[in-house]
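Worksheet: the structure to be examined is printed underneath.
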Amino acid sequence: MTTVEDAYTHCAQVTREQARNFYYGIRLLPPDKRSALCAVYALARIIDDIGDDTAQPAEAKLAGLAGVRTSLGDLSESTDPVYVAVADAARRYPIPLGAFDELLDGVEMDVTGREYVRFEDLVEYCRCVAGSVGRLCLGVFGSRPEPAAPTYADELGIALQQTNILRDIREDLGNGRVYLPKEELNRFGVELSVGEDGSLADPGGGLTALIRESAARARDWYARGLRLVPSLDRRSAACATAMSGIYRTLLNRIDEQPSRVFDRRLSLSGREKAVVAVRALTGAGR
């Protein structure tokens, strides 16, 4: 039988190993909140991994996601350490478990190959796969009375996902996924393709211009989402600021030189992430 303590230990290990960016923020939380957020991350990781499993056909992925929905329907029946930890965290904090259903909806969009024609279509996807995570985090953070706090958390998650999309254009294209809205690709005259050298082709500079416009828009979403920070306690604010700070730094680098994402997956060094986290803890990164 899995004990709650063992369940949280397992989730913490998953988070340390796989949350390359988020863990720098999560570690700033006090132990109880850190454990709860690791449980949230571990379940979100399970859902994402099902959707990203290239060895499985779509039918198997959809069946796997349906299985997660079933398990979420009665957490008390599961002996899986992740579900045990999530069940305990949900008893201790007002975690909106329904947000996991939204995350599942978003991953199903990936599995079924949904196309995004307008930016509004993309926002719907981002709200499912990332805004949901923002609201789950808020359930652990807690906040001072602020009716708009869930909206701010949602907007911050959407900002982070827009950054992910710009960073991963090449990788996503290789996996048969295009998140940049068709209307915008057409407006900039972009036909996404990879050249013989393995990098994204941009013969007329349209992709560079599209990335820069998208980066400016994402920056506006960060400004909206970061309105959440003043309603959080100091450690939770530091966590949220560190998470967003790492992605905002990535966004700034993409904006400065879009070609950085043409042939690689841009990332920050461990030292750079640690600096962002320290600045967040001192309040300098807000």
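Here this note's numbering is used: the first residue of the sequence shown is 32, the next is one more, and so on.
We treat Cβ as the ideally placed atom computed from N, Cα and C, and that holds for glycine.
Since this is a predicted model, take the numbers as computed values, not measurements.
Anticipated Cβ contact below 8 Å, residue i with residue j, distance rounded
i: residue 30; j: residue 99; result: The requested residue 30 does not occur in the structure, where the chain is confined to residues 32 to 317.
i: residue 114; j: residue 137; result: Contact flag wrong, Cβ pair sits at about 20 Å.
i: residue 249; j: residue 182; result: So it is not a contact: roughly 17 Å between Cβ atoms.
i: residue 299; j: residue 280; result: 6 Å
i: residue 59; j: residue 311; result: 7 Å
Burial state of residue i (16 or more Cβ within 10 Å)
i: residue 283; result: exposed
i: residue 112; result: buried
i: residue 86; result: exposed
i: residue 73; result: buried
i: residue 224; result: exposed
i: residue 175; result: exposed
i: residue 233; result: buried
Span of the alpha helix (DSSP H) around residue i
i: residue 132; result: 129-143
i: residue 274; result: 265-287
i: residue 299; result: First-last for residue 299: undefined, no H or E at that position.
Neighbourhood of residue i by C-beta, 6 Å cutoff - its chain only, sequence neighbours within 5 removed
i: residue 70; result: 42, 116, 117, 120
i: residue 213; result: 148
i: residue 278; result: 191, 194
Own chain, CB closer than 7 Å to residue i, minus 5 neighbours either side, in chain order
i: residue 130; result: 163, 166, 167
i: residue 242; result: 197, 285, 289
i: residue 169; result: 180, 181, 184
Sequence-distant residues of the same chain with beta carbon closer than 8 Å to residue i, five excluded per side
i: residue 61; result: 266
Where are the alpha helix (DSSP H) runs, 4 residues long or more, that stay fully inside the stretch 143-184, in chain order? 150-157, 163-172
Runs of alpha helix (DSSP H) wholly within the stretch 228-263 (minimum 4 residues, chain order): 237-256
At 4 residues or longer, and completely inside the stretch 192-234: list those alpha helix (DSSP H) runs for me, N to C. 200-205, 213-218
Pick out the complete alpha helix (DSSP H) segments inside the stretch 32-65, 4 residues or longer, and give them in chain order. 35-49, 54-57
Length-filtered (4 minimum) alpha helix (DSSP H) runs lying within the stretch 98-131: 112-123
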